[in-house]
Amino acid sequence: MSARNQHETFLEHFGIVLDNAEGVYFAGQEIAGKVVIECREPRRISELLLEVKGRARTHWTKSRKMCSANETYFCEQFNTEYTRKLPKTKAENDAGGGTAREGGRTVAERRRESIKMMGRLLHVGTHEIPFSYALPKSLPSSFEGEFGFVRYTCRAICESPWDFDTVCFLPFTVIGIEDLNHEAELLSLPLETHCSHSVGFFCLPLGSVSVEFRLAKGGLMPGENVPMNAKVRNESGRTLRGLELRLSKDVVYKSKTFAGAEQRRTTKNVVERVRLKKVPSGSEFESGALPLAVPSVPPRLAPKCRLIDISYSVELSCQSPPFCVSLPVVIGTIPLLPPNLRSNEAQNNGTNGVKSRKDDDEKGEAEKEGKEEKEEDKLDSETERNCAARKRVRMPSSVLSELYPALPTPCFRALFSGPVKVADERERQFHFGPSQFTPKYPFYTDIKF
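Here it is, written out as structure tokens:
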């Protein structure tokens, strides 16, 4: 019988439930939830541990050489101490006494049986163990790619004496703070390019095609229509076929060989496209407003992630004759605000910072006075741990509402390409949990200020 089947005989369910039903958290927020265990029969356990981890990994094979790199952002392991609330069991016989063989059992056999009988008894029923953890503020967004990922996970480990550990696993999405307003002077400016392409048939020139391509701004959000205008003048003797506007994603993965040599691998994908009509010879085409919307895609990761770099571009391409014109864009997690709102928010954040510092000073003085008055009061160890945990995870409930109160609340939409497998050899060391995962990203269907 496999280890999983052995644990399924006494566990009806073993999982992690997050308080946020979306399973999405901004960097700097508090992640809270509970570990749920449903036992169908009593079971002895020694400890119930929890691990919250965030890391990036790239990996591929090149010429029979394995290339891989890892970057850990945080790895917090702590004991839930739930077993202290459970009744303690003892061995029926003392493993250290008696003869070498008594009752048909040797000392070693009785010692192993004694170890199995030790621990805490997890009785039949449902057990819920709450937990919370404050995420660091400087985290990149979750990402799942072809040759690497940025993944955030939560694991619960049920340790059993002299037996296999039972593990459950739950990935969740973290949204990094990629505020386009920090680069508003650059990203709010229009982008424009003019170019001309010569058309010919072997050595015979057939004229040229001139293109004017313009974007109203360089900072975009998922769900937003790309504000652009394209003008194509066909002064050649050929008809332009396969003309399309598209949003492309370029991902650069960085890794190292076993010898330490740096390696790179690049992928390019078209995440959204709009096909245009043919442009006959001697005619002109102007796109106007086209419904090229940004799907649910990951934002840029650099410089918070040093292993994976994501960049986007809006392209106007033609299949015959072949040419391509592109303009770079940046996709973030907080949209651009109008200039008047940006200045107001900056002033509000400054005054809030002064007030918060004053409040902290007053609160610190009050806490000192309270400590002096209650020096004689002693809390038990469990209460002290809970107080320390609350102080450690005290974070704003909504990062966006604190930074920009005028900003509408976004919805979260799953990655446009669908779920990805997380059941590789290193991540699948668990008995309970999903084998697929789909990260979610902020999605603004209608941004109005």
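Read left to right, the sequence shown gives residues 1 to 449 (full-length UniProt numbering).
The beta-carbon is built from N, C-alpha and C at its ideal position, and this holds for glycine as well.
Every value quoted in this text rests on a predicted model; they were computed, and no experiment measured them.
Can you tell me whether residue i is buried or exposed? The criterion is at least 16 other CB atoms within 10 Å of its CB, across all chains shown.
i	result
residue 258	exposed
residue 445	exposed
residue 149	buried
residue 143	buried
residue 181	buried
residue 62	exposed
residue 67	buried
residue 123	exposed
residue 321	buried
residue 224	buried
residue 17	exposed
residue 13	exposed
residue 243	buried
residue 260	exposed
residue 335	buried
residue 433	buried
residue 160	buried
residue 270	exposed
residue 194	exposed
residue 186	exposed
residue 171	buried
residue 319	exposed
residue 442	buried
residue 151	buried
Since residue i and residue j should fall inside the 8 Å C-beta cutoff, what is the C-beta to C-beta distance between them, to a whole number of angstroms?
i	j	result
residue 168	residue 288	Incorrect: roughly 53 Å between the Cβ atoms, too far for contact.
residue 222	residue 295	6 Å
residue 460	residue 232	What is shown of the chain runs 1 to 449, which leaves residue 460 out entirely.
residue 239	residue 280	5 Å
residue 256	residue 69	5 Å
residue 264	residue 254	6 Å
residue 50	residue 156	5 Å
residue 267	residue 146	6 Å
Tell me which residues share the same chain as residue i and place their Cβ nearer than 8 Å to its Cβ, disregarding the 5 neighbours each side in the sequence.
i	result
residue 71	55, 56, 57, 305, 306 and 307
residue 189	217 and 218
residue 291	225 and 274
residue 179	332, 333, 334 and 403
residue 400	26, 334, 407, 409 and 410
residue 262	254, 255 and 256
residue 125	38 and 39
residue 203	none
Near residue i, what residues of its chain come up, given a Cβ to Cβ distance below 6 Å and the 5 sequence neighbours on each side ignored?
i	result
residue 141	175, 176, 298 and 299
residue 198	208
residue 192	214
residue 438	414, 415 and 419
residue 479	The structure shown does not extend to residue 479, since the chain is modelled only from 1 through 449, so no value can be given for it.
residue 158	45, 48 and 166
residue 20	none
residue 315	246, 248, 324 and 326
residue 74	54 and 136
residue 312	249, 329 and 331
residue 24	173, 412 and 440
residue 235	207 and 208
residue 309	252 and 302
residue 52	76, 133 and 154
residue 59	68
residue 127	37
residue 32	19 and 132
residue 212	194 and 231
residue 210	196 and 233
residue 283	234
Suppose the cutoff is 7 Å on Cβ atoms and the five residues either side in sequence are ignored; what does the same chain contact list for residue i look like?
i	result
residue 129	34, 35, 48, 80 and 82
residue 453	With the chain represented from 1 up to 449, any question about residue 453 goes unanswered, as that position is not in the structure.
residue 421	435 and 436
Pull up the DSSP beta-bridge partners for residue i, would you.
i	result
residue 195	211
residue 166	158
residue 11	39
residue 248	270 and 313
residue 436	421
residue 484	Residue 484 falls outside the range modelled here, since the chain spans only 1 to 449, and no answer is possible.
residue 148	58
residue 221	Bridge partners of residue 221: none, in fact.
residue 33	18 and 131
residue 511	The requested residue 511 does not occur in the structure, where the chain is confined to residues 1 to 449.
residue 125	39
residue 279	240
residue 230	213
residue 73	Answer by DSSP bridge pairing: none, since residue 73 is not bridged.
residue 67	60
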